[in-house]
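Visitor: Provided herewith is a single structure, encoded as structure tokens, for subsequent inquiry.
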Amino acid sequence: MVDTHTHLHFHQFDEDRKKIVENFEKDGISFVVNVGVNLEDSKKSLEISSLSEKIFCAVGVHPHDAKDVSEGFTYYLEKLARSEKVVAIGETGLDFFRNLSPAEIQKKVFIEQIALARRLNLPLVVHIRDAYKEAYEILKDENLPERRGVIHAFSSNLEWAKRFINLGFFLGIGGPVTYPKNDSLREAVRRIGLEFIVLETDCPFLPPQPLRGKRNEPKYLKYVMNTLSEMLGVSISKVDEMTTENAIKLFKG
């Protein structure tokens, strides 16, 4: 299994982070992509990557934090991104649900990170909430990196799934696909199959349905794989094999 979106540097893991990482092999985790949400946070993400050769990183500025960056922030982001452990730029994107940064600033910071990803030949980790149309228009119009990226925590319907796939993006699927009310997401996944899917937890957030209310962890991807196996009528090992291949293709070329 590959967990393409973790936040293992967050405080929720302070007491048992090393134990979780030490258990990667036992838990069947091939590697994880640990994701930063601003410059300082991305530094912390990079720091914990030293715990294991199985921890890679994405560095970036989340739309919530877009208002806090200064002009020229991509200079500092690029310095972080030059680390051999960095495999993506993100998480970046648009979030019009909470609007913690003004929309125009979110767009500007998103576009600047797209340009950086293209320059460094790194894929994007794209966060979208209540802004699918606006994010799609930006991605459609910008000169994207060759390996495009992943739409993190994809939560929309088949129509939007097809649009982002047609741009060359993978869809990040995690705990929400197990939630009873997410019928449109499950229908989208059924129709597109495994070819364009990577697995993610977004831990410590979004635990699968049997663990709602608990802290999420990479090993809980098995619940997502079980759901995908049942939905698609394929073996769990096939889900593991194809999503792992997709993650390697996306993040390691």
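Heads up: the sequence shown runs through residues 38 to 290, numbered per my numbering. Yeah, the Cβ is synthetic: ideal placement off N, Cα and C, and Gly gets one too.
For Val124 versus Ala95, is the C-beta distance shorter than 8 Å?
Guide: Against a cut-off of 8 Å, the Cβ pair of Ala95 and Val124 comes out as a contact.
Visitor: Who does Arg166 pair with in a DSSP beta bridge?
Guide: Asp132
Visitor: Nearest CA to the CA of Pro182: which residue from Gly250, Ile151 and Ala198?
Guide: Ile151
Visitor: Identify whether Thr215 lies in helix, strand or coil by the three-state DSSP scheme.
Guide: Here Thr215 sits in helix by DSSP.
Visitor: Give me whichever residues DSSP pairs with Thr43 in a beta bridge.
Guide: Bridge partners of Thr43: Asn71 and Cys240.
Visitor: Evaluate the contact criterion for the region 170 to 187 versus the region 101 to 118: three or more CB pairs, one atom per stretch, below 8 Å.
Guide: no
Visitor: Hey, could you find the ends of the alpha helix (DSSP H) Ala198 is sitting in?
Guide: Leu195 to Asn203
Visitor: Since Val58 is in the beta strand (DSSP E), which residue starts that stretch and which ends it?
Guide: That residue, Val58, is in no beta strand (DSSP E); its alpha helix (DSSP H) goes Arg54 to Glu59.
Visitor: Can you name, in chain order, every residue of its own chain whose Cβ lies under 7 Å from the Cβ of Trp197, other than the five neighbours on each side?
Guide: Closer than 7 Å at Cβ, skipping near neighbours: Tyr169.
Visitor: With distances taken between CB atoms, is the gap from Ser86 to Lys122 smaller than 8 Å?
Guide: yes
Visitor: Quick one: any contact between the region 69 to 86 and the region 38 to 56, if contact means 3 or more CB pairs under 8 Å?
Guide: yes
Visitor: Please tell me whether Asn253 and Pro247 are closer than 8 Å, where the distance is taken between their beta carbons.
Guide: no
Visitor: For Gly186, write down the residues that DSSP places opposite it in a beta bridge.
Guide: The beta-bridge partner set that DSSP reports for Gly186 consists of Leu161.
Visitor: Could you tell me which residues DSSP puts in a beta bridge with Leu137?
Guide: Per DSSP, none; premise fails for Leu137.
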